[in-house]
Amino acid sequence: MINVKDLSFSYGHTPALTNVNLLEEEPIIVGLWGRNGAGKTTLMKLLSGQEKPDTGQILVKNLSPYNNSDGMKYISYLQENHPFSEFWNVNDALRFASYFNENWDQDLAEELVERFELPRRKKIKSFSKGMQTMTTMVIGLASKSPITIMDEPTNGLDAYMRKVFYDALLDTHEEHPRLFILSSHHIDEIEPICEKIAIVDKQTITHYDETEHMKMLGILLTGDASSIEPLTARSRILEQRKLGNQLSVMLDEPFNEEWISTAAQMNINIEKAPLQDYLVNITKRNKEAKRK
Numbered sequence: 001m002i003n004v005k006d007l008s009f010s011y012g013h014t015p016a017l018t019n020v021n022l023l024e025e026e027p028i029i030v031g032l033w034g035r036n037g038a039g040k041t042t043l044m045k046l047l048s049g050q051e052k053p054d055t056g057q058i059l060v061k062n063l064s065p066y067n068n069s070d071g072m073k074y075i076s077y078l079q080e081n082h083p084f085s086e087f088w089n090v091n092d093a094l095r096f097a098s099y100f101n102e103n104w105d106q107d108l109a110e111e112l113v114e115r116f117e118l119p120r121r122k123k124i125k126s127f128s129k130g131m132q133t134m135t136t137m138v139i140g141l142a143s144k145s146p147i148t149i150m151d152e153p154t155n156g157l158d159a160y161m162r163k164v165f166y167d168a169l170l171d172t173h174e175e176h177p178r179l180f181i182l183s184s185h186h187i188d189e190i191e192p193i194c195e196k197i198a199i200v201d202k203q204t205i206t207h208y209d210e211t212e213h214m215k216m217l218g219i220l221l222t223g224d225a226s227s228i229e230p231l232t233a234r235s236r237i238l239e240q241r242k243l244g245n246q247l248s249v250m251l252d253e254p255f256n257e258e259w260i261s262t263a264a265q266m267n268i269n270i271e272k273a274p275l276q277d278y279l280v281n282i283t284k285r286n287k288e289a290k291r292k
C-alpha cells in the first residue's frame, strides 16, 4: 500500500526529513508518534501528495501521489485544524467531501453525524474545537479511502467523545479494512487500537514495529544503588533518580524473564516502563546525543 524509500525533504535550506523508509502492505491501524518538530506533519503531507520529496520516492498503490490524481485518489489526509469554508455547515462539508472521494459512503456519514451528535445546519466556524474535529473525522471515516491519514484525530475531544470516535473507527475498520495512520502525541491513548507504531525522531523514522513488541521495551528498576549500578553498567540508561542509597533507573531493555529473574535474585523491584514514558525518554536521549 505504502512504500517509502530513502526519502528526504527540506524547507529551503532547513532539513525536515532525512533518509526515511517505511513499508506497509496490510490494511492495519498504525500509530505515528513523535515530539513536536520531529517531522510527523511533513511526512503526512508527503504521503498525501501535498509536497514533493527532494530525494527518494513515495509509492502509494505503486503510484506516486504527488501531482498525480490516480495516486491521490487512494488517500484521504485529515489534518489537524482541517480547513472549512466559513459559510459551511455540516451538510455542506459532507457534500463537498463526497465530490472528491470515489469510495464515499453517504449512509455512513449520516450515521456518524448522529453518533457524534453534530448539528447539521449550524455553521462549522461557530463549533467548538472538539465539534470541528468530529466533523473532520466524519469525513475521514466516510471517505473509505484505502489509506486514511488522521492528524491528532481526538484533539479537543473529551473522554466520552474520544471513546465514541475510537469505537466508530474500529467499527468501520472491521466492516471495511483499510490502512489507517493516526498521528498523536498521546501514544497510550491510541496504542490499544494500533497494530504497529512508527516513531519519528531526528527527522526520520527510527522505529517501526508491532505494538505488542514495542510495549515490552523499557524497564524500571528500583532498589539499593550498590546492587543496581553494577547490574546496569552495560545497559543504556534512559533516566535515573537517586535518593540516598535508593536508585531508580529506566533502561532501554526488554521486559523479559531474564531481567525479572535477575532482579528478583538481587532483591530489586522491576516494572515495565509505560510506553509513553519510554518513547519520551528514548527521543530525549537521541536529542541529547545529537547535540554532542
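For the sequence shown, UniProt numbering gives the first residue as 1, with consecutive numbering after it. All C-beta atoms, glycine included, are put in the ideal place defined by N, C-alpha and C. The model shown is predicted, which means the values in this text are computed figures rather than measured ones.
Proximity test, residue i beta-carbon vs the ligand COA heavy atom, cut-off 6 Å
i     : result
Leu43 : Only the bare structure without any ligand can be found here, which leaves the ligand COA out of the picture.
Residue i in three-state terms, based on DSSP
i      : result
Met44  : helix
Ala38  : coil
Pro15  : strand
Thr206 : strand
Asp281 : The question names Asp, but residue 281 in the sequence shown is Asn. Helix at Asn281.
Thr148 : strand
Ala168 : helix
Thr222 : strand
Thr55  : strand
Contacting residues, own chain, Cβ-Cβ under 8 Å from residue i (five flanking each side not counted)
i      : result
Thr128 : Per the sequence shown, the amino acid found at residue 128 is Ser instead of Thr. Hits under 8 Å: Gly156.
Leu108 : Leu141, Ala142, Lys144, Thr172
Phe165 : Phe116, Met134, Met137, Pro153, Thr154, Leu157
Asn256 : Met216
Leu47  : Ile2, Val4, Ile58, Val60, Pro65, Ile75, Tyr77, Ile147, Ile149, Ile181
Nearest candidate by alpha-carbon position, reference residue i, set the options
i      : options                        : result
Leu217 : Asn267, Val280, Met266, Ala233 : Val280
Ile205 : Pro192, Asn81, Thr283          : Thr283
Ser85  : Ser126, Gln50, Gln57, Phe116   : Ser126
Met161 : Gly244, Leu112, Leu23, Ser69   : Leu112
Ser227 : Tyr74, Val249, His207, Asp209  : Val249
Gln106 : Ala168, Gly223, Ile139, Asp209 : Ile139
Ile181 : Leu243, Gln132, Asp151         : Asp151
Ser184 : Ala198, Tyr278, Gly71, His213  : Ala198
Ser235 : Thr41, Leu23, His213, Asp252   : Asp252
Glu210 : His13, Thr18, Leu32, Gly12     : Leu32
For residue j and residue i, believed in contact at Cβ under 8 Å, the rounded distance
i      : j      : result
Ser8   : Pro53  : 7 Å
Ser76  : Thr148 : 5 Å
Ile268 : Leu221 : 5 Å
Beta bridge counterpart(s) of residue i as assigned by DSSP
i      : result
Asn89  : Lys123
Ala198 : Leu32, Tyr208
Glu271 : Leu220
Lys73  : Answer is none; Lys73 lacks a bridge partner.
7 Å CB neighbourhood of residue i in its chain, flanking five on each side removed
i     : result
Glu25 : Met1
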